[in-house]
Structures are given as structure tokens and as C-alpha cells.
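Enquirer: This structure is in C-alpha cells; I'll ask about it shortly.
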Amino acid sequence: MGSDWPSTVVPSAVRWPSDWVDGMAGESEAVGGPIVGLRLEYVSEHWMWRIRSTDQGKTDLLGEADAGPASGVEALIDAADLSLVRRHGVTLSEAETMETATNYHDAVQASSEEWPGPRLVELQRVLDDRQSTWRVTTYDTEDGTLSSRTL
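The working numbering numbers the first residue of the sequence shown as 69 and each following residue consecutively.
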């Protein structure tokens with residue numbers, strides 16, 4: 069994350085997660101269930117959000133529920149207009165399948181992103197002392213530094 073970014077700053081057209089993450093689950097075809105991770109990436113000269121979520125809607129050939137606890141969805145969405153670019157099934161990590169004390173919306177809010185200060189560029193479920201928790205990475209819009217912390 070961040071290593072493939074252009075030398076210019078993240079453009080203002082890139083949407084801040086605190087502005088859109090609340091409406092994403094249940095309202096966008098990019099996610100299958102609760103969000104378990106997101107990351108800002110620069111792909112083929114375009115800013116994208118990579119979103120990982122559970123896949124509660126997976127079905128078998130007969131149309132019956134077939135979503136195991138590790139079934140997930142990973143999607144790339146345009147970082148400016150939030151349109152779906154690509155979506156595919158994935159196997160979630162152990163941390164992503166475990167319950168957390170804080171949901172993704174509260175984790176985004178706890179990142180303290182606020183213009184013109186640091187903005188959230190990655191939210192990832194990680195194991196900390198055998199407990200699933202959120203690692204938040206922010207990008208300082210003033211000096212371009214990345215900093216991470218665990219909630």
C-alpha cells in the first residue's frame with residue numbers, strides 16, 4: 069500500500085471512506101456482507117478502493133445457501149465515483165472470519181480521518197493476541213507519511 073502511488077498527493081476526487089462506507093454494505097453489488105477490509109490503491113493510473121467483505125449470498129448449483137465462514141468477496145471500485153470495476157470470490161483470512169468488538173463503520177470513525185488532516189487509506193482485520201481487531205493506516209495529506217495503529 070502506498071508504494072505504487074504516484075509522487076503527487078492523493079487527489080481530492082478520491083472519496084473518503086467515512087463519507088461512503090456506511091451505505092456500501094447492502095446497497096452496493098461490490099460487497100456481499102459486512103466489510104472486513106478496505107485499501108486505497110493506484111491501479112493502471114486510476115485510484116481504486118479494494119474492498120473485502122463476507123459473502124453471505126453464495127449459493128450452490130441448486131440455489132441453496134453455500135457460504136462457509138471463510139467465503140468472501142473482493143472488489144475494486146473507482147475511488148472517485150464508487151462504481152464497481154471488478155468483483156470476485158476469495159477465501160477470507162482467519163482474522164477476517166472472526167468477530168470483532170468494533171464493526172467496520174465504527175473502525176472507520178475511530179480512524180479520525182478529517183479534512184485536511186490524515187485520511188484513512190487502509191482498514192484491515194488482523195490477529196492481535198489471538199483476537200481479531202482492526203489495523204488502521206492513515207495518510208497524512210500534509211507530508212505524505214503513512215502511519216498504522218491497531219484499535
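From the three backbone atoms N, C-alpha and C, an ideal C-beta is built for every residue, glycine too.
Using the three-state DSSP reduction, which class does Thr-209 fall into: helix, strand or coil?
Expert: If DSSP states are grouped into helix, strand and coil, Thr-209 belongs with coil.
Enquirer: Is Met-92 helix, strand or coil when you go by DSSP?
Expert: Helix at Met-92.
Enquirer: Grab me the residues of His-173's own chain with a C-beta within less than 8 Å of its C-beta, minus the 5 sequence neighbours each way, in chain order.
Expert: Here the set comprises Val-89 and Asp-90.
Enquirer: Does the separation of the CB atoms of Glu-190 and Arg-107 fall below 7 Å?
Expert: Their beta carbons are under 7 Å apart, which means Glu-190 touches Arg-107 by this criterion.
Enquirer: With H, G and I counted as helix, E and B as strand and the rest as coil, what does DSSP make of Glu-162?
Expert: Residue state, collapsed to three classes: helix.
Enquirer: Find the nearest neighbour of Val-158 within the set Leu-144, Thr-168 and Asp-149, judged by alpha-carbon distance.
Expert: Among Leu-144, Thr-168 and Asp-149, the Cα nearest to that of Val-158 belongs to Leu-144.
Enquirer: What first and last residue would you give for the beta strand (DSSP E) that runs through Ala-143?
Expert: Element bounds for Ala-143: 139-146.
Enquirer: Please state if the CB of Ser-121 and the CB of Val-99 are separated by a distance shorter than 7 Å.
Expert: Yes. Within cutoff.
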